[in-house]
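Undergrad:
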DNA sequence: TTCCTTTCCGGCAACGTTACCGGAAACGTT
DNA sequence: AACGTTTCCGGTAACGTTGCCGGAAAGGAA
């Protein structure tokens, strides 16, 4: 079906030289006559020769591919991270192989197998919201696969990690709500297995404590990242007689579900309820009202992760894993009240 | 650095059989004793053996990989298409290799080279907005690479194509504007090299003609897909003494730029200016006001494209390329006035 | 002239796997 | 008992490339 692509053999025969010579010419090795080299390159170009990376990989035991495994990519967050990864990986001569697990542990395992089978040299990954056992990952690591984690971090796993200061971001977000006059702040929380969720939760709690607010666990709603659940939880909060006057959401998609729900209940944002998100999905600026949110440096996360992986690849087994924490920025838009007084 | 992964050799030696036998066991060939087979499989599992797909691909001259090459994936459109592709490709035993060109022709060429080098067996692609010469694609096709195009289509290229009925979608969108009382409808157009842009433009023109509206070429603004350009064009339109009372945008990102611009000018949507988008980016429902838009069946596009490619792979050289056109739906939200009268 | 160095090239094994071929052993038939 | 058939397995050549090793030819120095 496919007409065969030309190989170094074809070039060698036409030029009446050996395949070794062709090979040398193609990967500009030193031991070659400039004229022969030019002849080979010219013919290669004319035949539109594409080196067979499969054969090269097999021979060299090196694929020059790093894998990126993300739980989803319909929201802008992960694509942006991947862009950052590609930027530094490509610059270093690596190709990037992308996998997405659709938030399914089973698919994640399957993708990981595929990555191993393809002999990627390292992996940058964010686990799914379902991932609560790590044997598949640890097994890959035991085989020597360097793995860098980001966004979805768990303590049980070893390896370099890139994360944002979720705790501090959450703390500042909640503090902002307090400064704008909110007195009863609920939290739409993420999956418990993710350190990220716990850190944001802790930031929320500590900000309340720092300002001598009581902690009411009944208005901390686990929304996980399941579509529709945030809406349901928000409705429950709104039904309460002691309805909150502010919501701090674990991320922007969650916040936007809450936003829709609040508006369906005929309540005004931010007059009756303030709302803060996390992550800065690009459209959070376009919702009505524009969402106050904690911005993450998505591109930079990818770049940093890739740099860590490349360093590990270069330094080999005596590389000691490193955790890099990037800072967030609170972007104040219209879903929260103006600040009453300077801090 | 990487501790070597086990090979069929390791298994063969431990079990004191030949590698042929191990190979047979692993890819359940017929000629093998069930007991030996079980022994091999058990040991393989114990060693956590992962077949080296690189070696297999080289030997079989078959990678079981199909490539997907898209111009970008920070907007939800392409990721959703890819999801559809993965669905049917994986079900058929193929893996999917993703490339993104960042709307750059140069990167597109580079990605295409990489795909060829990786010996993908087929390609599903949408060209970038920059792509105005096709030699790189045609060259790949001449080598026998089956290519299915979607979204960004050009007539010059041969191959199966999956597209939505842009003309009809645009026609209905503009007709809707007319029916809601708009009398001067401008168009924010896309890159001219894309058939998609031209079809939407034609739908716009024909809808106007069908209702005996004059065509004013000075309010057809080429915004291409360049960030910021739609905003600039919109501003120009607003500055005119004969300012339009409606905008039909070539896609949703363009529409949202226009929306922001209109609101910055203190104009009300839809009271003073109506606005219709195209594509249904997921957040178009959340902007203020929610955007009336022409919805595309993104997942289905991916599935159909993959099915076409698989058929071509199966049928071989006597497969005759096919163009499938999917229909769109006009989703009426709040950026246009209510319909005045039944049609 | 002889010897040594440099320049350039070809031969060959290997990477891990599959597919074909041939053959030994076990079984069944007459 | 002799023969054919089946069952199972091992040997081996490829797939396209790289990298080492050895060697021929050409050049330089004495």
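Chains as they are written, first to last, in this note's numbering: chain R, 466 to 808; chain B, 466 to 808. Where a beta carbon is used, it is the ideal one built from N, C-alpha and C, also for glycine.
In whole angstroms, what separates the C-alpha of residue 741 of chain R from that of residue 716 of chain B?
TA: C-alpha separation (whole angstroms): 29 angstroms.
Undergrad: Among R:591, R:775, R:479, R:719, which has the Cα closest to the Cα of residue 692 of chain R?
TA: The option with the nearest alpha carbon to residue 692 of chain R is R:719.
Undergrad: Residues of the segment 573 to 606 of chain R with a CB closer than 8 angstroms to any CB of chain B: list them in chain order, please.
TA: Residues passing the 8 angstroms Cβ filter: 578, 579, 581, 582, 583, 584, 586, 604.
Undergrad: With a threshold of 9 angstroms between beta-carbons, can residue 510 of chain B be considered close to chain R, or not?
TA: By this cut-off, residue 510 of chain B is not an interface position.
Undergrad: Give me the residue from B:543, B:752, B:711 with the minimum Cα distance to residue 642 of chain B.
TA: Of B:543, B:752, B:711, the residue nearest in Cα terms is B:711.
Undergrad: Check the Cβ of residue 762 of chain R against every Cβ in chain B and list those closer than 9 angstroms, keeping chain order.
TA: Within 9 angstroms Cβ-Cβ: nothing; residue 762 of chain R doesn't reach chain B, min ~15 angstroms.
Undergrad: Is the beta carbon of residue 428 of chain R less than 9 angstroms from the beta carbon of residue 684 of chain R?
TA: Since the first and last residues shown for chain R are 466 and 808, residue 428 of chain R lies out of range.
Undergrad: Using DSSP's beta-bridge definition, name the partner residues of residue 612 of chain R.
TA: DSSP lists R:588 as partners of residue 612 of chain R.
Undergrad: Could you pull out every unbroken beta strand (DSSP E) segment of at least 3 residues lying fully inside the segment 604 to 663 of chain B, listed in chain order?
TA: List check, beta strand (DSSP E) in window: 612 to 615, 625 to 629, 650 to 654.
Undergrad: May I have the straight-line CA-CA distance separating residue 707 of chain B from residue 676 of chain B, to the nearest angstrom?
TA: In a straight line, the C-alpha of residue 707 of chain B is about 20 angstroms away from that of residue 676 of chain B.
Undergrad: For residue 477 of chain R and residue 470 of chain R, I'd like the C-alpha separation in whole angstroms.
TA: Taking the straight line joining both Cα atoms gives about 14 angstroms.
Undergrad: Closest to residue 523 of chain R by C-alpha separation, out of R:585, R:533, R:487, R:619, would be which residue?
TA: Of R:585, R:533, R:487, R:619, the residue nearest in Cα terms is R:585.
Undergrad: Looking at chain B, is there any beta carbon in it that lies within less than 9 angstroms of the beta carbon of residue 719 of chain R?
TA: For residue 719 of chain R, the answer is no, since every Cβ of chain B falls outside 9 angstroms of its Cβ.
Undergrad: Does the beta-carbon distance from residue 577 of chain R to residue 588 of chain R come in below 9 angstroms?
TA: Going by C-beta atoms, residue 577 of chain R is nearer than 9 angstroms to residue 588 of chain R.
Undergrad: Among B:779, B:750, B:785, B:671, whose alpha-carbon lies nearest the alpha-carbon of residue 799 of chain B?
TA: Selected option, being the one with the closest Cα: B:750.
Undergrad: Thinking C-alpha only, which one of B:493, B:499, B:506 is nearest residue 475 of chain B?
TA: Checked all of B:493, B:499, B:506; the closest Cα to residue 475 of chain B is B:506.
Undergrad: Any Cβ of chain B within less than 9 angstroms of the Cβ of residue 467 of chain R?
TA: For residue 467 of chain R, the predicted model reports a pLDDT of 45, less than 50, meaning its position is unreliable and no value from the coordinates is stated.
Undergrad: Taking residue 563 of chain B as the reference, give the member of B:530, B:697, B:793 with the closest Cα.
TA: Ranking B:530, B:697, B:793 by Cα distance to residue 563 of chain B puts B:530 first.
Undergrad: Starting from residue 548 of chain R, trace the alpha helix (DSSP H) both ways and give me its first and last residue.
TA: Taken as a continuous stretch (DSSP letters only), the alpha helix (DSSP H) holding residue 548 of chain R covers 542 to 556.
Undergrad: For residue 551 of chain R, collect the residues of the same chain with a Cβ closer than 7 angstroms to its Cβ; drop the 5 residues on either side in sequence, then sort them by chain order.
TA: Correct list, in chain order: 561.
Undergrad: Tell me the residue span of the beta strand (DSSP E) that contains residue 687 of chain B.
TA: From DSSP, the beta strand (DSSP E) with residue 687 of chain B extends over 685 to 687.
Undergrad: Counting pairs of beta carbons, one from the segment 785 to 798 of chain R and one from the segment 765 to 775 of chain R, are three or more of them closer than 8 angstroms?
TA: Cβ pair count under 8 angstroms is three or more, so yes.
Undergrad: Inspect the beta-carbon positions of residue 628 of chain B and residue 590 of chain B and report whether they are closer than 9 angstroms.
TA: Their beta carbons are not under 9 angstroms apart, which means residue 628 of chain B does not touch residue 590 of chain B by this criterion.
Undergrad: Taking all protein chains shown into account, decide if residue 532 of chain R is buried (16 or more other Cβ within 10 angstroms of its Cβ) or exposed.
TA: Buried.
Undergrad: Spatial neighbours of residue 757 of chain R within its chain, please: CB distance less than 6 angstroms, with the 5 preceding and 5 following residues excluded, ordered by chain position.
TA: Only 741, 797, 798, 800, 801 meet the Cβ criterion.
Undergrad: Give me the Cα-Cα distance between residue 610 of chain R and residue 582 of chain R, rounded to the nearest whole angstrom.
TA: Cα-Cα distance, rounded: 12 angstroms.
Undergrad: Enumerate in chain order the residues of its own chain whose CB-to-CB distance from residue 545 of chain B is below 6 angstroms, with the five nearest sequence positions on each side excluded.
TA: The residues are 763, 764.
Undergrad: Report the three-state DSSP secondary structure of residue 815 of chain R (helix, strand or coil).
TA: Past the boundaries of the shown model lies residue 815 of chain R; chain R is included only from 466 to 808, so the question cannot be answered.
Undergrad: I want to verify the contact list: residues of chain B whose CB lies under 9 angstroms from the CB of residue 562 of chain R, in sequence order.
TA: Going along chain B in sequence order, the residues near residue 562 of chain R (Cβ under 9 angstroms) are 562, 563.
Undergrad: Only counting the same chain, and skipping five residues up and downstream in sequence, which positions put a Cβ closer than 8 angstroms to that of residue 633 of chain R?
TA: The answer, listed in chain order, is 668, 792, 793.
Undergrad: Cβ of residue 470 of chain R less than 9 angstroms from any chain B Cβ?
TA: Yes, its Cβ sits closer than 9 angstroms to a Cβ of chain B.
Undergrad: How is the beta strand (DSSP E) around residue 714 of chain B delimited, first residue to last?
TA: First-last of the beta strand (DSSP E) with residue 714 of chain B: 711 to 714.
Undergrad: Output, in chain order, the set of chain B residues within a Cβ distance shorter than 9 angstroms of residue 516 of chain R.
TA: Within 9 angstroms Cβ-Cβ: 582.
Undergrad: Using the Cα positions of residue 472 of chain B and residue 483 of chain B, report the straight-line distance between them to the nearest angstrom.
TA: So the alpha carbons of these two residues sit roughly 12 angstroms apart.
Undergrad: Once DSSP output is grouped into helix, strand and coil, what is the label at residue 560 of chain R?
TA: In the structure shown, residue 560 of chain R sits in a strand (DSSP, three-state: E or B).
Undergrad: Since I believe residue 655 of chain R is in contact with residue 614 of chain R (beta carbons under 8 angstroms), could you give me their beta-carbon distance rounded to a whole number of angstroms?
TA: Residue 614 of chain R to residue 655 of chain R, Cβ: 16 angstroms. No contact.
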